[in-house]
Amino acid sequence: MPAVSYPESAPIEAWTVSKPAVAGERGVVASQNVEASQVGAAVLQAGGNAVDAAIATALALCVAEPWMSGLGGGGFAVVHEAKSGTTKVVDFGMIAPRGLDPATYPLDAGRDAAADLFAWPAVVEDRNLQGYHSIAVPGSCAGYATLLESFGSWSWADAIGPALGMARRGHRLTWWTTLQVAAEAGWLGQYEESRRVWLPGGLVPSAPAEAPYGLLSMGALADTFERLQKAGPADFYTGETGRRLVADLQAGGSTISADDLAAYRARIVDPIVRERAGHTLNLVPGYSAGPTFAGALARLPEAFAGSAPDAAVYAAYASSLIEAYKVRLETMGHAGDVGDRSCTTHLSAVDAEGNMVVITTTLLSRFGSRVVLPGTGVLMNNGINWFDPRPGRPNSMAAGQRPLSNMCPVLATKDGRAAFGLGASGGRKIMPAIFQLSSFIGEFGLGLEQALLQPRIDVSLIDTIIADDRLDAATMAALQKVAPVRPAPAVAYPSQWAIPNAVAFGPEGPRGAAHVFGPLPAAVGA
23 MPAVSYPESA
33 PIEAWTVSKP
43 AVAGERGVVA
53 SQNVEASQVG
63 AAVLQAGGNA
73 VDAAIATALA
83 LCVAEPWMSG
93 LGGGGFAVVH
103 EAKSGTTKVV
113 DFGMIAPRGL
123 DPATYPLDAG
133 RDAAADLFAW
143 PAVVEDRNLQ
153 GYHSIAVPGS
163 CAGYATLLES
173 FGSWSWADAI
183 GPALGMARRG
193 HRLTWWTTLQ
203 VAAEAGWLGQ
213 YEESRRVWLP
223 GGLVPSAPAE
233 APYGLLSMGA
243 LADTFERLQK
253 AGPADFYTGE
263 TGRRLVADLQ
273 AGGSTISADD
283 LAAYRARIVD
293 PIVRERAGHT
303 LNLVPGYSAG
313 PTFAGALARL
323 PEAFAGSAPD
333 AAVYAAYASS
343 LIEAYKVRLE
353 TMGHAGDVGD
363 RSCTTHLSAV
373 DAEGNMVVIT
383 TTLLSRFGSR
393 VVLPGTGVLM
403 NNGINWFDPR
413 PGRPNSMAAG
423 QRPLSNMCPV
433 LATKDGRAAF
443 GLGASGGRKI
453 MPAIFQLSSF
463 IGEFGLGLEQ
473 ALLQPRIDVS
483 LIDTIIADDR
493 LDAATMAALQ
503 KVAPVRPAPA
513 VAYPSQWAIP
523 NAVAFGPEGP
533 RGAAHVFGPL
543 PAAVGA
């Protein structure tokens, strides 16, 4: 009888997946969680504009997908206002507390690198990765409020209403929740309130077998939402909510003070503007991946021919992105990704008037600092992990400073009107993904569904190209001439790819599409 060996290259997932783009007469919202997208679509149906819908969606994500983003995080948005024809960026990134002392984060000589999102040298007790010392001053509440006040039509009280109801009900516990909690259970279990919320009975929670989902209490989060609904978003920084935040933070050893919270402001700034293939690409400036996107764009050939990207196009993407990343590393000091622990989320919204907004928001790592504050139920970020723990580097830790991040929402206009907007989660994988998707849509004219299904590459390792294993042999060979290639599947978990969504606006009206290879991302029309 002949010997039979096991298959060494069996796929880790064996299903065929599709996720159609959707249209909506009043608009479309796309996010990484279908329940949150439904909230946004309901706001559009009730007469809200794209920004109203986006903020209601972002707040709903605090409950529906709390390990990815929340009031304890920060981010960036790009928004186009149809009436005025203007496009702006709202920067609500996290800031290091003014009392931060870099000496609190000595390097651990016994370890080479930390086991989290970036390949920084390890810090003693992983203080920059998890726990109270890893927490930066959060900006999400201020950012959402600024967007709503400046570009929305709804009141804060109305926009936060759906999230409040969801928080009172509890988090919908599915197998995806079980997976996320299990991945971080070791660190979640170190903090009393995190353990109480996310590890009830000391165990990773799972949905009951006889129901599609269970419900998981969110601690004091519903009370916090109710207080913010009544008192307004400023309460997060200067009111009772702020006082509770500071009390819990300082009790755990954080240096974040009442003055840090009171001084926080979201900023409305002009985008970086670049022209490509008849579109104006509006990028986030400053401490984001926007400047690196612009650098890669400048290295591309002037134009591509054809109706879809071919081997030569993918090779051009790879070489342009690699060179741009080299500049980023040399001048901005960012380390490399080492794992699938990013917790960033992204949402996109467009309405029937052509208003459009794309928001990328994060806690940084999955479950951020892994600290749920008992007085508010807010899960806090670990934004200090964005800083290089080594002194004398371009992105070294410094009190009161904004760290360099990977977020890269992009909004394209054409002839002064919104054309498409997109963004993604995925750490350093975000920018290469959005760079290619912008080209797929804006340059090759691919529809949203086709663009999000199109195979991509990732070059964030710089010395290696990660290539979707659906790419043909000619493309793989062309990429191999640029850098060594490592094929990887497009799967739900563990993912080696960014997780994007997008919206578009044109003669056919609003459209949207969400990440294909995941169970919960969805675009919902109204």
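Each residue of the sequence shown is one higher than the one before, starting from 23 at the first, in my numbering.
Ideal placement from N, C-alpha and C gives every residue a C-beta, glycine not left out.
Just to confirm, are residue i and residue j a CB contact at a threshold of 8 Å?
i, j, result
"Ala242", "Gly97", "no"
"Ala99", "Val112", "yes"
"Leu170", "Ile77", "yes"
"Val61", "Pro411", "no"
"Ala82", "Met188", "yes"
"Ile456", "Val432", "yes"
"Ala451", "Trp408", "The residue you asked about is not Ala; residue 451 is Lys in the sequence shown. Against a cut-off of 8 Å, the Cβ pair of Trp408 and Lys451 comes out as no contact."
"Ala340", "Leu475", "no"
"Trp178", "Ala164", "no"
"Pro184", "Ala374", "no"
"Thr367", "Ser447", "yes"
"Ala318", "Leu351", "no"
"Leu238", "Pro230", "no"
"Ala634", "Asn523", "It is not possible to answer for residue 634, since the shown part of the chain is limited to 23 through 548."
"Ser391", "Gln152", "yes"
Since I believe residue j is in contact with residue i (beta carbons under 8 Å), could you give me their beta-carbon distance rounded to a whole number of angstroms?
i, j, result
"Pro506", "Asp491", "Pro506 to Asp491, Cβ: 15 Å. No contact."
"Ser482", "Pro454", "6 Å"
"Val306", "Cys430", "7 Å"
"Gly174", "Asn304", "In fact, because the Cβ distance is near 19 Å, the residues do not count as touching under 8 Å."
"Ser370", "Phe466", "Ser370 to Phe466, Cβ: 20 Å. No contact."
Run the CB neighbour count on residue i, radius 10 Å, all protein chains shown included, and call it buried at 16 or more, exposed below.
i, result
"Thr38", "exposed"
"Trp209", "buried"
"Thr353", "exposed"
"Leu283", "buried"
"Ile521", "buried"
"Val525", "buried"
"Asp359", "Annotation note: pLDDT 46 at Asp359 (below 50); position unreliable, coordinate value reported separately. Buried is the call here."
"Pro255", "buried"
"Leu444", "buried"
"Lys110", "buried"
"Thr108", "exposed"
"Gly379", "According to the sequence displayed, residue 379 carries Val and not Gly. Buried, since its Cβ has 16 or more Cβ neighbours within 10 Å."
"Pro543", "buried"
"Leu395", "buried"
"Ser276", "buried"
"Ala357", "Low confidence applies here, because Ala357 scores a pLDDT of 43, under 50, leaving its location unreliable and the question unanswered by this model."
"Gly69", "exposed"
"Leu225", "exposed"
"Asp123", "exposed"
Going by C-alpha to C-alpha distance, which of the options sits closest to residue i?
i, options, result
"Thr486", "Leu343, Arg508 and Trp519", "Arg508"
"Glu530", "Met402, Val372 and Glu57", "Val372"
"Ala75", "Val203, Ala64, Val85 and Trp408", "Ala64"
"Leu129", "Asp148, Leu201, Pro119 and Phe315", "Asp148"
"Arg298", "Gly547, Ser342 and Ala320", "Ala320"
"Leu186", "Gly300, Thr126, Glu206 and Arg249", "Arg249"
"Leu386", "Leu474, Gly165, Lys348 and Ser427", "Ser427"
"Pro425", "Cys84, Pro160 and His102", "Pro160"
"Ala346", "Ala58, Thr497 and Ile484", "Ile484"
"Gly95", "Asn404, Gly328 and Pro29", "Asn404"
"Thr302", "Ser461, Phe539 and Ser517", "Ser461"
"Ala233", "Asp270, Pro222, Leu271 and Arg194", "Arg194"
"Pro313", "Gly328, Pro293 and Ala327", "Pro293"
"Trp197", "Gly236, Ile182, Val335 and Arg218", "Gly236"
"Gly121", "Arg133, Thr246, Ile157 and Ser370", "Ile157"
"Gly552", "Met116, Gly69 and Ser106", "Because the chain is modelled from 23 through 548, residue 552 falls outside the range shown and cannot be assessed."
"Ala181", "Tyr259, Ser27 and Leu66", "Leu66"
"Gly261", "Gly192, Asp281, Glu30 and Gln272", "Asp281"
Cutting at 6 Å between CB atoms, please list the residues of its own chain near residue i, excluding the five before and the five after it.
i, result
"Pro413", "none"
"Ala545", "Val44, Val50, Ala52, Gly534, Ala535 and Ala536"
"Ser40", "none"
"Gly361", "Interpretation of Gly361 is limited by its pLDDT of 47, a score under 50 that renders its predicted location unreliable; the figure taken from the coordinates is listed afterwards. Answer for Gly361: no residue qualifies."
"Ala58", "Thr79, Ala82, Leu83 and Ala86"
"Gln423", "Ala118"
"Ile406", "Asn150, Ser156 and Ala158"
Leaving out five residues before and five after residue i in sequence, what residues of the same chain have Cβ atoms less than 7 Å from its Cβ?
i, result
"Phe389", "Trp89, Glu206, Leu210, Cys365 and Leu401"
"Ala269", "Gly397"
"Thr73", "Inspection of the sequence shows that residue 73 is occupied by Val rather than by Thr. Once the five neighbours on either side are set aside, the close Cβ partners of Val73 are Val101, Leu169, Leu170, Phe173, Gly174, Asn377 and Val379."
Within the same chain, show all residues whose beta-carbon is closer than 8 Å to that of residue i, passing over the 5 residues directly before and after it, in chain order.
i, result
"Leu201", "Tyr515"
"Ala499", "Ala333"
"Pro323", "Ala338"
"Asp257", "Arg249, Leu250, Thr263 and Gly264"
"Val219", "Leu238, Ser239, Met240, Gly241, Val394 and Gly399"
"Val504", "Ala337, Ala340, Ser341, Ile344 and Ile487"
When every heavy atom of the ligand GTP is checked, does at least one fall within less than 7 Å of the C-beta of residue i?
i, result
"Asp485", "Although the ligand GTP was asked about, the structure shown includes no ligands whatsoever."
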